[in-house]
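Asks: Have a look at the structure that comes next, please.
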Amino acid sequence: CRRNSAEEQDSYRGQPGVCGLTNLGNTCFMNSALQCLSNTPPLTEYFLRSSYLDELNFTNPLGMKGEIAEAYADVIKQMWSGRHYSVVPRVFKTKVGHFASQFLGYQQHDSQELLSFLLDGLHEDLNRVKNKEYIELRDEVAEEAWRNHRRRNDSVIVDTFHGLFKSTLVCPECLKVSVTFDPFCYLSVPLPVSKERVMECIELFTTVETLEEENPWYCPVCKKHQLATKKLDLWSLPEVLIIHLKRFSYTKFTREKLDTIVDFPLRDLDFSDFLLRKGVSPEEPPSRYDLIAVSNHYGGLRDGHYTSYAQNKDNGQWYYFDDSKVTYASQDQIVVSITPPCFRGQEVTSLRDLLNWDLGCFLSKPVLNWF
Ligand SMILES: [Zn+2]
Numbered sequence: 001c002r003r004n005s006a007e008e009q010d011s012y013r014g015q016p017g018v019c020g021l022t023n024l025g026n027t028c029f030m031n032s033a034l035q036c037l038s039n040t041p042p043l044t045e046y047f048l049r050s051s052y053l054d055e056l057n058f059t060n061p062l063g064m065k066g067e068i069a070e071a072y073a074d075v076i077k078q079m080w081s082g083r084h085y086s087v088v089p090r091v092f093k094t095k096v097g098h099f100a101s102q103f104l105g106y107q108q109h110d111s112q113e114l115l116s117f118l119l120d121g122l123h124e125d126l127n128r129v130k131n132k133e134y135i136e137l138r139d140e141v142a143e144e145a146w147r148n149h150r151r152r153n154d155s156v157i158v159d160t161f162h163g164l165f166k167s168t169l170v171c172p173e174c175l176k177v178s179v180t181f182d183p184f185c186y187l188s189v190p191l192p193v194s195k196e197r198v199m200e201c202i203e204l205f206t207t208v209e210t211l212e213e214e215n216p217w218y219c220p221v222c223k224k225h226q227l228a229t230k231k232l233d234l235w236s237l238p239e240v241l242i243i244h245l246k247r248f249s250y251t252k253f254t255r256e257k258l259d260t261i262v263d264f265p266l267r268d269l270d271f272s273d274f275l276l277r278k279g280v281s282p283e284e285p286p287s288r289y290d291l292i293a294v295s296n297h298y299g300g301l302r303d304g305h306y307t308s309y310a311q312n313k314d315n316g317q318w319y320y321f322d323d324s325k326v327t328y329a330s331q332d333q334i335v336v337s338i339t340p341p342c343f344r345g346q347e348v349t350s351l352r353d354l355l356n357w358d359l360g361c362f363l364s365k366p367v368l369n370w371f
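Numbering (UniProt numbering), first residue to last: 1 to 371.
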């Protein structure tokens with residue numbers, strides 16, 4: 001169980017997916033986001049099957065000529081080959097910096113910022129819609145909004161990660177109500193005021209708020225900007241739900257990190273109480289989820305460090321990913337303790353660190369398993 005030398009890498013045979021990512025200089029934010037996505041089964045299987053090769057979109061003006069998708073596929077294939085302790089994601093990092101200059105250097109960034117860029121980039125690079133038709137926006141009903149979204153956006157990312165929320169604005173003066181439905185790729189939720197449960201974050205997300213002075217709404221009846229009340233509701237949830245906790249708060253003058261604990265059951269999270277309508281497809285839609293991956297942030301804004309926990313899709317075991325280092329994670333709540341024969345000095349990390357999470361990926365449970 002010694003660490004890697006070149007020869008050992010050649011002869012190494014390990015569990016596919018249990019593979020570190022070398023830190024190229026403050027790139028732990030990227031590594032932790034990559035580990036979360038790498039351990040998202042439907043997406044990784046899509047890349048390992050090479051399905052992306054048939055769907056690369058080289059002409060999409062919003063895409064990256066397929067280059068981000070190809071660079072991502074290379075990293076995933078190496079990580080799941082079972083032949084490396086750790087992979088050096090240098091080409092991927094260079095591509096990301098090429099298309100999103102904020103990631104060019106070696107400064108620390110938010111994991112969520114990278115994830116957001118990557119999901120968007122993969123979507124556009126793999127968009128099955130080659131010619132986006134113009135669709136006139138009007139007050140839509142949810143099914144129509146979803147259909148319109150799918151007519152312009154159809155990719156493995158939409159299949160896997162996109163849900164729909166409903167946004168209701170009410171003018172304080174004339175009481176005009178405006179309803180729109182918007183797709184989302186992840187939910188960015190506020191931290192709970194008191195403590196503890198992820199459900200509270202969703203509750204806060206769906207609480208009525210009044211728009212701020214800087215961001216008013218133009219009321220078509222009053223014909224002026226109004227500080228309308230706004231309420232968001234979840235309409236439908238995706239196969240893989242990503243929840244981002246807004247731990248970092250930025251104002252004009254301050255940046256601060258909130259260390260509030262957000263604890264939650266790792267299995268069987270039930271969002272059905274928050275769902276307005278149970279789905280955009282005729283089948284029964286997802287509402288119950290198990291945690292499959294989580295990214296953690298330790299420390300302050302500038303000196304912080306990202307790591308991640310994730311469950312391997314093939315053996316069900318949880319691992320702790322700290323850049324190039326991977327260790328078993330003990331997870332009393334889920335996994336019955338198993339003794340690894342030999343794994344990097346047999347270090348075991350506890351999932352209590354979940355308390356620092358800022359990004360969580362949840363896989364929906366098949367409907368049939370509910371009963
Ligand atoms: Zn009005």
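Cβ coordinates follow ideal geometry from the N, Cα and C atoms, glycine included. Quantities reported herein were computed from a predicted structural model and do not represent experimental measurements.
#1: Measuring alpha carbon to alpha carbon, tell me which residue in 256, 285, 58, 320 is nearest residue 299.
#2: For residue 174, does the three-state DSSP call read helix, strand or coil?
#3: Run through the DSSP bridge pairs and tell me what residue 360 is partnered with.
#4: Of the residues 51, 363, 81, which one's Cα is nearest the Cα of residue 70?
#5: CB residue 286 to CB residue 246, shorter than 8 Å?
#6: Can we count residue 179 as close to ligand 1, meaning its CB is less than 7 Å from some heavy atom?
#7: Under the criterion of a Cβ to heavy atom distance below 7 Å, does residue 383 qualify as lining ligand 1?
#8: Report yes if the CB atom of residue 329 is closer than 8 Å to the CB atom of residue 39, and no otherwise.
#9: Give the DSSP-derived three-state secondary structure of residue 146 in the structure shown.
#10: Using only the alpha-carbon positions, how far apart do residue 37 and residue 230 sit?
#11: Report yes if the C-beta of residue 219 is less than 7 Å from at least one heavy atom of ligand 1; otherwise report no.
#12: Measuring CB to CB, does residue 179 end up less than 8 Å from residue 243?
#13: Taking only the alpha-carbon atoms, compute the straight-line gap between residue 99 and residue 215 and give it to the nearest angstrom.
#14: Check each candidate in 127, 167, 303, 27 and name the one with the smallest Cα separation from residue 228.
#15: Run through DSSP, which three-state label would residue 219 get?
#16: Between 43, 210, 102, which lies nearest to residue 73 when the distance is taken from Cα to Cα?
#17: State yes or no: is the C-beta of residue 173 nearer than 7 Å to some heavy atom of ligand 1?
#18: If you pair each beta-carbon of the segment 153-163 with each one of the segment 91-108, do three or more pairs fall below 8 Å?
#19: Residues in the same chain with beta-carbon distance under 6 Å from residue 290, minus the five sequence neighbours each way, listed in chain order, please.
#20: Give me whichever residues DSSP pairs with residue 311 in a beta bridge.
#21: Helix, strand or coil: which one does DSSP assign to residue 288?
#22: As a quick exercise: from 170, 240, 187, pick the residue whose alpha carbon is nearest that of residue 208.
#23: To the nearest angstrom, how far is the alpha carbon of residue 87 from that of residue 225?
#24: Reducing DSSP to helix, strand and coil, say where residue 100 ends up.
#25: When every heavy atom of ligand 1 is checked, does at least one fall within less than 7 Å of the C-beta of residue 226?
#26: Grab the span of the alpha helix (DSSP H) containing residue 84 for me, first residue to last.
#27: Would you say the beta carbon of residue 36 comes nearer than 7 Å to a heavy atom of ligand 1?
#28: Where DSSP assigns a beta bridge to residue 209, which residues make up the other side?
#29: Within the same chain, show all residues whose beta-carbon is closer than 8 Å to that of residue 219, passing over the 5 residues directly before and after it, in chain order.
Replies: Let's see:
#1: 256
#2: coil
#3: 243, 294
#4: 51
#5: no
#6: no
#7: Because the chain is modelled from 1 through 371, residue 383 falls outside the range shown and cannot be assessed.
#8: no
#9: helix
#10: 32 Å
#11: yes
#12: no
#13: 29 Å
#14: 167
#15: strand
#16: 43
#17: yes
#18: no
#19: 267, 363
#20: 318
#21: strand
#22: 170
#23: 52 Å
#24: coil
#25: yes
#26: That residue, residue 84, is in no alpha helix (DSSP H); it is neither H nor E in DSSP.
#27: no
#28: 230
#29: 171, 173, 174, 176, 225, 226, 228
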